[in-house]
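Structure first, commentary second.
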Amino acid sequence: MQIENIQQEINNDNYFLSKHADDERKNDNITILELEQAILNGYILEKYDDDIRGSSCLIVGFTDEGKPIHVVCGTKSEVLVIITVYIPTAPKFITPFQRRKR
1 MQIENIQQEI
11 NNDNYFLSKH
21 ADDERKNDNI
31 TILELEQAIL
41 NGYILEKYDD
51 DIRGSSCLIV
61 GFTDEGKPIH
71 VVCGTKSEVL
81 VIITVYIPTA
91 PKFITPFQRR
101 KR
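For the sequence shown, the numbering used here assigns the number 1 to the initial residue and increments by one for each residue that follows.
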């Protein structure tokens, strides 16, 4: 997965928000616009090429107002699937870019 391809799918409105992602988005008060901004302004932080669900990745990005957002997405057939979305916080993350060691 390449960030440019993911961003193109967002620009083309060719993505699907899983129920889990939608629930998490609402729990963290993240709007669809903010989700899209984070992906369009973001980059791939981690790749999960061996995921049993298929190739996926963790994107870190910021909204136009500077809110950090993490998005896990993958591909299913020809559609980008947003698997989950959340605001990275302690204790799991030290910063939006650095995961706390387990």
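Cβ atoms here follow ideal geometry from the backbone N, Cα and C, with glycine treated the same way. If you're wondering where the values come from, they're calculated on a predicted model, not measured in any experiment.
Handout entry: alpha helix (DSSP H) segments (min. 4 residues) lying fully within the region 12-93
Key = List check, alpha helix (DSSP H) in window: 19-27, 32-40.
Practice task
Report the option in SER77, PRO68, ILE82 whose CA atom is closest to the CA atom of THR89.
Solution key: Taking the sequence shown and counting its residues from 1, one reaches residue 89 at position 89. THR89 has its Cα closest to that of PRO68, out of SER77, PRO68, ILE82.
Problem - Per-residue burial, HIS70 [other beta carbons within 10 Å of its own, 16 or more giving buried] - result: By 1-based counting over the sequence shown, the position of residue 70 is 70. Buried, by the Cβ-count rule.
Problem - Burial state of VAL79, where buried means 16 or more other Cβ atoms lie within 10 Å - result: The residue given as residue 79 occupies position 79 in the sequence shown. Label assigned to VAL79: exposed.
Exercise for the section: Please check the pair ARG25 and VAL85, which I expect to be a contact at CB under 8 Å, by giving their CB distance rounded to whole angstroms. Expected result: In the sequence shown, residue 25 corresponds to position 25, counting from 1. In the sequence shown, residue 85 corresponds to position 85, counting from 1. Confirmed, about 5 Å.
Exercise for the section: Would you kindly check if the distance between the Cβ of ALA38 and the Cβ of THR75 is under 8 Å? Expected result: Here residue 75 refers to the residue found at position 75 when the sequence shown is read from its first residue. Here residue 38 refers to the residue found at position 38 when the sequence shown is read from its first residue. Taking 8 Å as the cut-off, the Cβ atoms of THR75 and ALA38 do not count as close.
Practice task
Might you give, ordered along the chain, the residues of its own chain that have their beta carbon closer than 8 Å to the beta carbon of LEU40, omitting 5 neighbours on each side?
Solution key: Indexing the sequence shown from 1 puts residue 40 at position 40. Scanning its chain for C-beta atoms nearer than 8 Å, with the 5 sequence neighbours on each side dropped, one finds around LEU40 the residues GLN7, ILE10, ASN11, GLY61, in chain order.
Practice task
Let me know if ILE52 comes out buried or exposed under the rule of 16 or more other beta-carbons within 10 Å of its beta-carbon.
Solution key: Counting from one through the sequence shown, the residue named residue 52 turns up at place 52. Of the residues assessed, ILE52 falls on the exposed side of the cut-off, its CB having fewer than 16 other CB atoms within 10 angstroms.
Exercise for the section: Count the other C-beta atoms from every protein chain shown that fall within 10 angstroms of the C-beta of LEU33, then say buried if there are 16 or more, exposed otherwise. Expected result: Position 33 of the sequence shown, counting from 1, holds the residue named residue 33. So LEU33 ends up on the exposed side.
Exercise for the section: Say whether chain C places a C-beta atom closer than 8 Å to the C-beta of HIS20. Expected result: Absent from the structure is chain C; it holds one protein chain and no more.
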